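Student: Got a structure for you, written out below as structure tokens; questions coming shortly.
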Amino acid sequence: MSKVPESVPENERIWFALAAYNMGYAHMLDARALTAKTKGNPDSWADVKQRLPLLSQKPYYSKLTYGYARGHEAYAYVENIRKYQISLVGYLQEKEKQATEAAMQLAQDYPRYRLRSWAKRNFLFSRFFPSRHQTI
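Numbering (numbering that gives the first Met the number 0), first residue to last: 0 to 135.
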């Protein structure tokens, strides 16, 4: 991720790094250059991913520095990882929600004393262990 240009927003750097891992860093640079040439934002993953499949079409790759690349594979690779990440986040949020609900249910089910039984026990306890506020 250290090679991804600093102009790319922090939350999108991972997607550029994964695309570079899949198809090669130089081809990722070509995809960014193609995005800029076609009036897109080369720092936006949404714009670059639309141009990735063009890297395998002769009218486009013949004009790029590093040539042909299977950009459609890099696109699918990154999108599959993104979908998996979204599903993991949803799963973890659901587990956290269930744990919170279970804790709330446990707190509601916690045994409670009736006031009379508590007062009776408190009276018996205070006879044997007077507090410092009570005089003997």
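For every residue, glycine included, the Cβ atom is placed at its ideal position computed from N, Cα and C.
Model, not experiment: these values are computed from the prediction.
1. Which residue spans inside the region 68-117 form an unbroken alpha helix (DSSP H) run of at least 4?
2. Going straight from the alpha carbon of ILE13 to that of ALA106, what length do you get?
3. Are ASP42 and VAL7 touching if we call contact CB-CB under 8 Å?
4. Could you compute how far the alpha carbon of MET27 sits from the alpha carbon of GLY89?
5. Can you name, in chain order, every residue of its own chain whose Cβ lies under 7 Å from the Cβ of TYR74, other than the five neighbours on each side?
6. Report the three-state DSSP secondary structure of SER163 (helix, strand or coil).
7. Would you tell me roughly how many angstroms separate the C-alpha atoms of ALA16 and THR99, rounded to the nearest one?
Tutor: The short version:
1. Segments of the alpha helix (DSSP H) lying fully in the region 68-117: 70-108.
2. Within the sequence shown, numbered from 1, the residue matching residue 13 stands at position 14. Within the sequence shown, numbered from 1, the residue matching residue 106 stands at position 107. Spanning the two alpha carbons is a distance of roughly 41 Å.
3. Along the sequence shown, read from residue 1 onward, the residue named residue 42 stands at position 43. Along the sequence shown, read from residue 1 onward, the residue named residue 7 stands at position 8. Taking 8 Å as the Cβ cut-off, ASP42 and VAL7 qualify as a contacting pair.
4. As a working mapping, residue 27 is identified with position 28 in the sequence shown. As a working mapping, residue 89 is identified with position 90 in the sequence shown. Separation of MET27 and GLY89 (C-alpha to C-alpha, rounded to the nearest whole angstrom) is 30 Å.
5. For this step, residue 74 is matched to residue 75 along the sequence shown. Answer for TYR74: LYS48, LEU51 and PRO52, listed in chain order.
6. The structure shown does not extend to residue 163, since the chain spans only 0 to 135, so no value can be given for it.
7. Numbered from its first residue, the sequence shown carries residue 16 at position 17. Numbered from its first residue, the sequence shown carries residue 99 at position 100. If I take the Cα positions, the gap works out to 36 Å.
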